[in-house]
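Sequence order for the protein chains is A and B.
For my numbering, add 4 to where a residue sits in the first sequence, where the first one is 1.
For my numbering, add 4 to where a residue sits in the second sequence, where the first one is 1.
C-beta: ideal position from N, C-alpha, C; glycine also.
Predicted model only: the values in this text are computed from it and were never measured.
To keep things clear, I will list the structure first and then write my remarks on it.
Protein chains: 2
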Amino acid sequence: MAEFDELPAAGNGLLDRRFFLRAGVASGAALMTASASSLERQEWMKGPGAGMSEAGAPSSHESHVVRASIGSLTGTTGTGASRTPLQLLDGIITPSRLHFERHHSGIPDIDPDQHRLVLHGLVERPLSFSLDALARYPMVSRIQFLECSGNSGASMAPEPAQGTCAALHGLVSASEWGGVPLSVLLEEAGVKPAGKWLIAEGADSAMMSRSVPMDKIMDDAIVALYQNGERLRPSNGYPMRLFLPGWEGNMCVKWLRTIKVVDQPSMTKDETSKYSDLQSDGVSTLFTFPMGVKSLITSPSPGLSMGAPGLYQISGIAWSGAGKIKRVEVSADGGKSWADAALDAHVMPKCLTRFRSAWRWEGSPAVILSRATDESGSIQPTRETVLKGRSTAAFYHYNGIQAWHVAENGEVTNVYV
Amino acid sequence: MAEFDELPAAGNGLLDRRFFLRAGVASGAALMTASASSLERQEWMKGPGAGMSEAGAPSSHESHVVRASIGSLTGTTGTGASRTPLQLLDGIITPSRLHFERHHSGIPDIDPDQHRLVLHGLVERPLSFSLDALARYPMVSRIQFLECSGNSGASMAPEPAQGTCAALHGLVSASEWGGVPLSVLLEEAGVKPAGKWLIAEGADSAMMSRSVPMDKIMDDAIVALYQNGERLRPSNGYPMRLFLPGWEGNMCVKWLRTIKVVDQPSMTKDETSKYSDLQSDGVSTLFTFPMGVKSLITSPSPGLSMGAPGLYQISGIAWSGAGKIKRVEVSADGGKSWADAALDAHVMPKCLTRFRSAWRWEGSPAVILSRATDESGSIQPTRETVLKGRSTAAFYHYNGIQAWHVAENGEVTNVYV
Chain A
5 MAEFDELPAA GNGLLDRRFF LRAGVASGAA LMTASASSLE RQEWMKGPGA GMSEAGAPSS
65 HESHVVRASI GSLTGTTGTG ASRTPLQLLD GIITPSRLHF ERHHSGIPDI DPDQHRLVLH
125 GLVERPLSFS LDALARYPMV SRIQFLECSG NSGASMAPEP AQGTCAALHG LVSASEWGGV
185 PLSVLLEEAG VKPAGKWLIA EGADSAMMSR SVPMDKIMDD AIVALYQNGE RLRPSNGYPM
245 RLFLPGWEGN MCVKWLRTIK VVDQPSMTKD ETSKYSDLQS DGVSTLFTFP MGVKSLITSP
305 SPGLSMGAPG LYQISGIAWS GAGKIKRVEV SADGGKSWAD AALDAHVMPK CLTRFRSAWR
365 WEGSPAVILS RATDESGSIQ PTRETVLKGR STAAFYHYNG IQAWHVAENG EVTNVYV
Chain B
5 MAEFDELPAA GNGLLDRRFF LRAGVASGAA LMTASASSLE RQEWMKGPGA GMSEAGAPSS
65 HESHVVRASI GSLTGTTGTG ASRTPLQLLD GIITPSRLHF ERHHSGIPDI DPDQHRLVLH
125 GLVERPLSFS LDALARYPMV SRIQFLECSG NSGASMAPEP AQGTCAALHG LVSASEWGGV
185 PLSVLLEEAG VKPAGKWLIA EGADSAMMSR SVPMDKIMDD AIVALYQNGE RLRPSNGYPM
245 RLFLPGWEGN MCVKWLRTIK VVDQPSMTKD ETSKYSDLQS DGVSTLFTFP MGVKSLITSP
305 SPGLSMGAPG LYQISGIAWS GAGKIKRVEV SADGGKSWAD AALDAHVMPK CLTRFRSAWR
365 WEGSPAVILS RATDESGSIQ PTRETVLKGR STAAFYHYNG IQAWHVAENG EVTNVYV
């Protein structure tokens, strides 16, 4: 395997990304020579298969690819979360059936014909929009991530929690979100000069509500009606939700029912009891809106056991609430040396970006990490940096570097470095 | 409604795309003033909703959003097609459950652990790849369209067929396709100098097969393993298919089983009995690989009745096998005058591109059309141009301009102009 030695990029077998452009890369133990018997027909070729249908479904062999770590929290029925199985996915789109959920009182069963979006408060003309009314307005659609600010909160614990990518970091997903810019609707209503914030409230029985500054609304907020081409799924706000690209998921109020224009943030229960970051000096930084630059190796990762030593693809996702991902570096020696990963074709603002590196694993224990940089120049911090100054009771907005330990037997576990 | 008169773009109420950047656009009849009763709580807010689940599903109110015009063709069980309900979707991603199907002998129920991809023929080392072996190779993922070359074939009939966008044009969809570049696997096997083509064959009982020139394979062909982030759906080739960006769907062989490197096209049954274009002089143009530049207004369209006169959004999709869409023009006066439509943020090569125009419909009969131009400079042809020189028995590769007639009562029908 002399080819490997020609393109080293960093320590412990990490190969230069130009390696992807080379042909003739023996993948080692997994490769089989074909023989005449390789062309024998399998049983499923011997008769006609299933016919067409109104809606396709995954293969029965993929029944393990479901949302994971479904957990109920204190509260009413349906209060809790389910997580995207990031370690079983590739690319950047999250299938809608696997988009993470976080509900504060379950999923309301909304009749779209009866649902209305009401704009009121500091406006010239309070307005009520049916779905038919919204359909007449210009729409936009964009592929962007959504992340719960509680994602990765387990990484603040003193000892590394053991679990899959889903369990540890599965409160992030990406979809094509389509809808009407909220700025258009607000200017239809006529925002009064004193209107500098708004309160968005959902039609769930928790009446989840958040305050949002007007600047963000006028920048890129939409009333989302479509997710990955079809109407929003109920667990993601059917028939409409607020979508604030790059900002914490909780603010993207689902089942959006009212927008009240106000002159200052309203300190609703949902933005004071949760989603604020307690510091070690006892002061809380109340509002942390954009999600920080972050990345995660999804393969290899816990639960995906490595096979025989040889060539592997390290693959993962990176994202930032500040814009596009500019660079992702990968280390296979615990952070002593780093190499640039290759980014897939689509690098879009406030979206997941898929990165890949080639790694020759020699079968020895190793620690692999990834580190993202966004177009604003922000670099994903270490765990130590994220925790600095925070109270041990803090939980939200964790974006530290994730390290995975690969054991000699191929098992992958969560470690702090 | 003086605003409308300020930004005319073309005849019969078509408004300039800058209209989208304006605020305060009264949408007319559909708009309602909010009152105190607008804030009353609906029934679904009065108790907790449904809890979290392993996999989400669409709302029960969206049960009409399914694949349509499911048709069986002469042949074995499972020979036929189902179509994407384009008129009910927005954005560019097609949800995998709604991706069109075209099978030649149904969907085989493949065990991924037993399935192999065999490379043989004019190669130095015939190879057999399991899914585990493929997982070690570098992958790429890209959002691209897939179109059956029989799509829109009904438009070659002497009289305009009546049906929805699904029925008439629903054999096109777009997904994020992820997989291993076939060039990497072929160079691993070592292509002999005489190897200029390959035959790709599927593991369905029809053993669907097509010849593909080596240049295309080395350019951007992949062995696709992922569709919209998860493993391919069975109806789209699980566990692997050939994907040739921009080329006719039939060549993107599903359930990919063997790749045989050969020195010339093999004239398989599937590329001679079908997918070739008979000309009026009796000669057939056998191979038409890339799909031509094309567009389609999906809203308004047949089956979506218009309401009261006033402002409407004209929305549709455009695509080209040659690369990116550069421009889409829309006409509301039967093609007498045209105006540029706004393109959504993501304009990607060999992908659907969503376009939108603002239209003030005055309630009179109108004919609306769209016309796409791609980055190679190709302009979508008229129906007359597409048909010129073709036999009346020709059926494939129709990319002519589609015209919709809007009647006074809001009904939309298919017309030839």
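- Close CB contacts of residue 207(A) within its chain, under the 8 Å cut and outside five residues either way in sequence, are with 112, 114, 119, 259, 260, 261 (chain order).
- Below the 8 Å Cβ cutoff, chain A contributes 43 as neighbours of residue 262(B), in chain order.
- Among the CB atoms of chain B, none fall inside 8 Å of the CB of residue 245(A).
- Chain-order list of chain A residues neighbouring residue 352(B): 349, 350, by C-beta distance under 9 Å.
- By the neighbour-count criterion, in which a residue is buried when 16 or more other Cβ atoms sit within 10 angstroms of its Cβ, residue 142(B) is buried.
- In this structure, the beta-carbon distance from residue 183(B) to residue 147(B) does not fall below 8 Å.
- Every beta strand (DSSP E) of 3 residues or more that sits fully in the region 292–328 of chain A is shown, in chain order, as 298–303, 314–323.
- Note that the C-beta distance between residue 358(B) and residue 19(B) is not below 8 Å.
- Residue 236(A) sits in coil when the DSSP states are folded into three classes, being neither helix nor strand.
- According to DSSP, residue pairing for residue 36(B) in a beta bridge involves 132(A).
- In this structure, residue 243(B) and residue 235(B) form a Cβ contact; the two beta carbons are roughly 7 Å apart against a cut-off of 8 Å.
- For residue 189(A), the uninterrupted alpha helix (DSSP H) segment begins and ends at 186–193.
- Within its own chain, the residues whose Cβ lies closer than 7 Å to the Cβ of residue 330(B), once the five positions on either side in sequence are excluded, are 377, 378, 379, listed in chain order.
- The beta-carbon of residue 142(B) is placed less than 8 Å from the nearest beta-carbon of chain A.
- For the C-beta of residue 150(A), not a single chain B residue is nearer than 7 Å; the gap to the nearest is close to 14 Å.
- For the 8 Å CB-CB criterion, residue 348(A) and residue 145(B) form a contact.
- Relative to the Cα of residue 215(A), the nearest Cα in the group 327(A), 333(A), 107(A), 272(A) belongs to 272(A).
- For residue 365(B), the beta-bridge partners assigned by DSSP are 314(B).
- Residue 173(B) is positioned such that its CB atom lies closer than 8 Å to that of residue 300(B).
- If you look at residue 387(A), you'll find it in the alpha helix (DSSP H) that goes 387–391.
- For residue 303(B), the CB contacts under 6 Å within the same chain, skipping 5 residues up- and downstream, are 319 in chain order.
- Pairing residue 71(A) with residue 338(B), the inter-Cα distance amounts to about 49 Å.
- The region 76–92 of chain A and the region 46–60 of chain B touch, with no fewer than 3 CB-CB distances between them shorter than 8 Å.
- Distance between residue 95(A) and residue 232(B), taken at the CA atoms: about 7 Å.
- Put simply, the backbone Cα of residue 222(A) is about 16 Å away from that of residue 326(A).
- Counting only runs of 3+ residues, the beta strand (DSSP E) found wholly inside the region 101–170 of chain A occupies 105–107, 121–125, 131–133, 144–151, in chain order.
- For residue 39(B), the closest C-alpha among the options 75(A), 89(A), 91(A), 123(A) is that of 123(A).
- Beta-bridge annotation (DSSP): residue 205(A) is paired with 213(A), 262(A).
- Cβ-Cβ separation between residue 66(B) and residue 85(B): approximately 23 Å, too far for a contact (criterion under 8 Å).
- Annotation: the continuous alpha helix (DSSP H) that includes residue 219(A) extends over 218–224.
- In terms of CA proximity to residue 46(B), 117(A) leads the group 48(A), 117(A), 88(A), 90(A).
- Residue environment: residue 163(A) is assigned as exposed (fewer than 16 neighbouring CB atoms within 10 Å of its CB, all protein chains considered).
- For residue 98(B), DSSP assigns no beta-bridge partner whatsoever.
- Residue-level contact by beta carbon holds for residue 70(A) and chain B, with a gap shorter than 8 Å.
- Here residue 212(B) is not near residue 202(B), since their CB atoms are 8 Å or more apart.
- In the DSSP annotation of this structure, residue 417(A) is not part of any alpha helix (DSSP H); the continuous beta strand (DSSP E) holding it starts and ends at 416–419.
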